[in-house]
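Engineer: To start, I am sharing the structure in question, which I have written as structure tokens.
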Amino acid sequence: MAIRTESFNEGKFLDGKSFSYITSELALAAGADLNLVLCVGNEPAIIRFIKLTSDADSLSWQVFAGVDHVAGSGVNVPAIKRNSLADTHSIVTLEKGSTINSVGLPVFDPASEVIGQSAAGNRSYIDVDLLTDLFTATANICLLLRITNNDSGPKRVNINAESYNN
């Protein structure tokens, strides 16, 4: 009898329960919001991380639980199965630009501001993990991640997220 030893992350990958989501907003206008709605299906899910990168000098972000939105009104961000050999589907959906009826309750209060780091040539760049360390989301809940461009002009915003089925 063989014994399989792996880390939690390796186990989720091997079992086909690990999924990635990647989306970009190429020109988020000054003062504009980018709304991302993450919904969990009929069983709890684990949000491994949500990472934000941008060329903005300043962004703010906030997470709300229990968002009321019009499903299908935004652009679906497809789940990328990390183990293509497994016959599984993600229980988490991610939608960009959904119509929001009510934001729900803030998970973190107040909104967090992210300031860009200056790089070579005085170019600003943001590279930060918004949620990390296996954030657990209960079944049948929708979360709203709202990112606001505090800059004076349009900026690129990239989101990379990963989730695990339970």
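Start counting the sequence shown at 41; every next residue gets the next number (the working numbering).
No residue lacks a Cβ here, since even glycine has one placed at the ideal position from N, Cα and C.
Whose C-beta lies closer than 7 Å to the C-beta of G137 among residues of the same chain, with five residues either side of it excluded?
Structural biologist: For G137, where only same-chain residues beyond five positions count, the Cβ hits under 7 Å are N75, G114 and V115.
Engineer: Do the stretch 95-114 and the stretch 128-142 meet, that is, are 3 or more Cβ pairs less than 8 Å apart?
Structural biologist: With a cut-off of 8 Å, the stretch 128-142 and the stretch 95-114 count as touching, because enough Cβ pairs lie within range.
Engineer: If you draw a straight line from the alpha carbon of E83 to that of N180, how long is it in whole angstroms?
Structural biologist: So the alpha carbons of these two residues sit roughly 7 Å apart.
Engineer: Thinking S94 and R186 are a contact (beta carbons under 8 Å), I'd like their distance in whole angstroms, please.
Structural biologist: With a Cβ gap of about 14 Å, S94 and R186 do not count as contacting.
Engineer: Jot down the residue ranges of each uninterrupted alpha helix (DSSP H) in the stretch 95-175, minimum 4 residues, whole runs only, in chain order.
Structural biologist: Fully enclosed alpha helix (DSSP H) runs of 4 or longer: not present.
Engineer: Assuming D191 is part of the beta strand (DSSP E), what are its boundary residues?
Structural biologist: Counting along the chain, D191 falls outside any beta strand (DSSP E), and DSSP gives it neither H nor E.
Engineer: Whole angstroms is fine: what's the gap from A177's alpha carbon to L145's?
Structural biologist: So the two alpha carbons sit approximately 14 Å from each other.
Engineer: Could you work out which residue in S124, V168 and T188 is closest to S58 when comparing CA atoms only?
Structural biologist: Among S124, V168 and T188, the Cα nearest to that of S58 belongs to S124.
Engineer: Would you mind stating whether V143 and F104 have Cβ atoms separated by less than 7 Å?
Structural biologist: Cβ atoms of V143 and F104: closer than 7 Å.
Engineer: Identify which residue in S98, G81 and T172 has its Cα closest to the Cα of P194.
Structural biologist: The option with the nearest alpha carbon to P194 is S98.
Engineer: Could you tell me the distance, in whole angstroms, from the CA atom of A96 to the CA atom of P150?
Structural biologist: Using only the alpha carbons, I get a separation of about 20 Å.
Engineer: Label I120 either buried or exposed according to how many other C-beta atoms from any shown protein chain fall within 10 Å of its C-beta, with 16 as the threshold for buried.
Structural biologist: Exposed: under 16 other Cβ atoms inside 10 Å.
Engineer: Closest by CA to L171, which one among K91, R122 and L68?
Structural biologist: For the residues K91, R122 and L68, the minimum Cα distance to L171 belongs to K91.
Engineer: Checking 7 Å against the spacing of the C-beta atoms, do L134 and V107 come in under that value?
Structural biologist: In this structure, V107 does not lie closer than 7 Å to L134 by Cβ.
Engineer: Please classify I43: does DSSP put it in a helix, a strand, or coil?
Structural biologist: Looking at I43 - three-state DSSP - the assignment turns out to be coil, as it is neither helix nor strand.
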